[in-house]
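Participant: Next up is a structure, given as structure tokens.
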Amino acid sequence: MTGPGAPATGWRRLYTPGPLLLVAVTCGWLSLWVTYNGSLFGVVFALLATALIVIALRSTESAARQHQASLNVALETAAARNRELDRLQRVTATLLSGENLDELFTEVAQAAAELLSAEAGAIALVVEEGRFVRVAASTGPLASYAGSLVPVDGSLLGWAITHEQPLTCDDMDADPRNFLTQGVPLKTTAIAPLRSAGLVIGVVSVYNRRDGRPFNSHDMQLLQTLGDQVVVGLDRAHVLEESRRNEQALAAKNRELQRATELKSQFLANMSHELRTPLNAINGFSDLLLTGDLGAINDTQREFLDSILRNGKHLLGLINSVLDLSKIEAGRMTLALAETDLREAITGAVTDTRSLRTGKQQECRVEMDGSAPLTVLAEGQRIRQILFNLLSNASKFTPEKGQVTVSAVATRAPLPIPGDRAGERPRLVSREAVWVSVSDTGAGILPEDMSKPFIEFSQVDSSASRRQQGTGLGLALCKKFVEMHGGSIGAESIYGRGSSFWFILPVEGPIRRSSGAVEVQRV
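Residue numbers (this note's numbering): -10 to 512.
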């Protein structure tokens, strides 16, 4: 024996069904043996065995009832836990799927009341720099208090927030921390703080258990679990709301940028037309004066007229480039596709740019594949414009007595094909094509500057002291024209030794969806 309860435990074990049945069986065998020997004590042993069996059966029945009662309690507890888990799962699903904060708050308040079998539930958030809490949602007798402010000082909600601890109260009227709520009979409460990123941002609370009992530790744990889920849902809702605001702001900015781009393109187009009219007159009259049909001119006058005509043509070319760029950006550029012989286009571009190389005593070599046709489906005017820009650029950056080389060869190359649906990235497909390259022996381009030549209004040397002048539109237009034809363009350079600009055009012309920004006409 180890204590006063030991004897009772020993006697209780004696009256359990197992020992009783063992004693009863023993008494039964003794009654048979004694009766067999002719003694009357056999009857006594028989009666004793019978009594012990009856006691054992009753003990077994009592144990069965106790076991059934324990099993029923366990089943009820398990069912209650399952209901709690099911409710928490539904709350979690609502928090993860919902985006409206008011609906989320109402769902949480209702879930808190249901989980803890309370008459009312509420969720409140810290506002006014921590001086008040605002009841975001409430149910039951507190439903009319949604949206009201409760001071942090002098309230149970404020105590839970300032102390960052959960609390239970069995008599709210007698608690000095309670903020009196007139007209609402509140007796008991359980309050759990809501923490986000280590800071208490509010509380979730329940009031008055329906069975009248005070809230226990299990209720407090359940309420805290719900509070943790609430914080996750609130963080997600705030992220979604912030993302939605950012998306709306970005959409507004995009609309503004699109409008600004349209206005810019329209302005450039209008100004280009307005400037081209007087420039055409200046160039036309200058050319007419140079012919001498209006009278003889001396050498000085001819020099001045040549300068006027040369600069006028240069300015007209810049205006045409700006107009082309604005048309492409606005999606109003039209390609008139036809069979175009690149041999003739290259020969013509070399002839047109000969004067640029003559003054600098530069040599131009043309290398073309003589065994294969170099014909593509393209707009000849744009192809000649590409070649003219590349040859002019090569001559500009090649020193005196340098060399410019034009090469062309028929080949097969991977070229971009637009996706079948809008928004899909182009895919590369191997196609029959013609590769054209314009190389020079100029200063070359540094590796970190290789991305600049094809950007509008961008130059490799953008300093005020640069030796070569220009607007940075020529190569940018070349890139756009090549891509409009379904081709690719690029550049290679060895700094100090020269550069090579190349482009590849598909033989069969561009492949575009009907919704493409650039209209394609086949003639």
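Glycine included, every Cβ here is placed at the ideal spot set by N, Cα and C.
Take residue 391 and list the residues in its own chain whose beta-carbon comes closer than 8 Å to its own, dropping the five residues that flank it on each side.
Facilitator: Answer for residue 391: 349, 351, 352, 429, 430, 431, listed in chain order.
Participant: If you run the structure through DSSP and keep just helix, strand and coil, what is residue 470?
Facilitator: In the three-state reduction of the DSSP assignment, residue 470 falls in the helix class.
Participant: Below 7 Å between beta carbons: does that hold for residue 107 and residue 131?
Facilitator: Taking 7 Å as the Cβ cut-off, residue 107 and residue 131 do not qualify as a contacting pair.
Participant: Measuring alpha carbon to alpha carbon, tell me which of 179, 345, 218, 160 ends up nearest residue 206.
Facilitator: 179
Participant: In chain order, what are the residue ranges of uninterrupted alpha helix (DSSP H) at least 4 long that sit wholly in the stretch 129 to 211?
Facilitator: 145 to 152
Participant: Looking only at C-alpha atoms, which of 433, 60, 120 sits nearest to residue 486?
Facilitator: Nearest of 433, 60, 120 to residue 486, Cα basis: 433.
Participant: What is the DSSP secondary structure of residue 351, counted as helix, strand or coil?
Facilitator: coil
Participant: With 16 as the cutoff for other CB atoms within 10 Å, does residue 403 come out buried or exposed?
Facilitator: exposed
Participant: Within the continuous alpha helix (DSSP H) that includes residue 375, where are the two ends?
Facilitator: 369 to 385
Participant: Counting C-beta neighbours from all protein chains within 10 Å, is the total for residue 424 16 or more, i.e. buried, or is it exposed?
Facilitator: buried
Participant: Go to residue 402, then tell me how far its beta strand (DSSP E) extends in each direction, as first and last residue.
Facilitator: 392 to 406
Participant: Looking only at C-alpha atoms, which of 259, 438, 419 sits nearest to residue 312?
Facilitator: 259
Participant: Are the beta-carbon atoms of residue 185 and residue 228 separated by less than 7 Å?
Facilitator: no
Participant: Starting from residue 334 and walking both ways along the alpha helix (DSSP H), at which residues does that stretch end?
Facilitator: 331 to 341
Participant: For residue 499, which three-state DSSP category applies?
Facilitator: coil
Participant: In this structure, how does DSSP classify residue 41 when only helix, strand and coil are distinguished?
Facilitator: helix
Participant: Nearest to residue 500 by CA position, among 363, 375, 407, is which residue?
Facilitator: 407
Participant: What does DSSP give as the partner residues of residue 127 in its beta bridges?
Facilitator: Beta-bridge pairing links residue 127 to 111.
Participant: Output the distance between the C-alpha atoms of residue 417 and residue 234, rounded to the nearest integer angstrom.
Facilitator: 38 Å
Participant: Under the assumption that residue 264 contacts residue 308 (Cβ atoms under 8 Å), give the Cβ distance between them as a whole number of angstroms.
Facilitator: 5 Å
Participant: Do residue 366 and residue 305 have their CB atoms nearer than 7 Å?
Facilitator: In this structure, residue 305 does not lie closer than 7 Å to residue 366 by Cβ.
Participant: Kindly indicate the opening and closing residues of the beta strand (DSSP E) around residue 429.
Facilitator: 416 to 429
Participant: Can you tell me whether residue 466 is buried or exposed, with buried defined as 16 or more other CB within 10 angstroms of its CB?
Facilitator: buried
Participant: On the criterion of 16 or more Cβ atoms from any shown chain inside 10 Å, does residue 208 qualify as buried, or is it exposed?
Facilitator: buried
Participant: Name the DSSP beta bridge partners of residue 356, please?
Facilitator: 396
Participant: Quick check: the Cα distance between residue 345 and residue 316, rounded to an integer number of angstroms?
Facilitator: 29 Å
Participant: Residue ranges of each beta strand (DSSP E) run of no fewer than 3 residues wholly in the stretch 253 to 284, ordered along the chain?
Facilitator: none
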